[in-house]
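Numbering (this note's numbering), first residue to last: 1 to 160.
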């Protein structure tokens, strides 16, 4: 199991990721409840999920910033702003990649899970996410028991 120290380091690394418009418009959910892990495992159809590693869910989160703005008396309404929504998704994705880099530098393993979106509505309900949020990616982190297979890449001279 991943130690409290490693979890803290990884969350801190994610928090220090480059962010669009200095919004840090993402949140990280650390999934520890075995029943919740089992439900997410059903959504992802990944039998190994939550078995030995630690599961993080990265969420595009405009709710937090809107709430903070309202609490500070800021009446500016940015809801429905496509740029902000895209920035929130970008922030979450960059945070995942930064966390993967840190994970691998500590000789841990990481698996990025886009399969959490196989049933996004159910995941939103399970995680009790508020409005203005959306789960972007899952990240399973732990001690690898095998060398990962390298996925093929386009040749350097290939055109896009």
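Note that the Cβ used here is the ideal one computed from N, Cα and C, for glycine as well. Computed from a predicted model, the values in this text were never measured in an experiment.
* Asked: Are residue 99 and residue 25 close, meaning C-beta to C-beta below 8 angstroms?
  -> no
* To do: On a CA-only basis, which of 20, 136, 56, 22 is nearest residue 37? Give me that one, please.
  => 56
* Just the C-alpha distance for residue 119 and residue 136, rounded to the nearest angstrom, thanks. => The straight-line gap from Cα to Cα measures roughly 12 angstroms.
* Report the option in 3, 131, 126 whose CA atom is closest to the CA atom of residue 63. => Of the listed residues, the one whose Cα sits closest to residue 63 is 131.
* **CA-to-CA distance, residue 1 to residue 10, given in whole angstroms** => 14 angstroms
* Decide if residue 156 is buried, meaning its Cβ has at least 16 other Cβ atoms within 10 Å, or exposed. => The residue is exposed, with fewer than 16 neighbouring Cβ atoms inside 10 Å.
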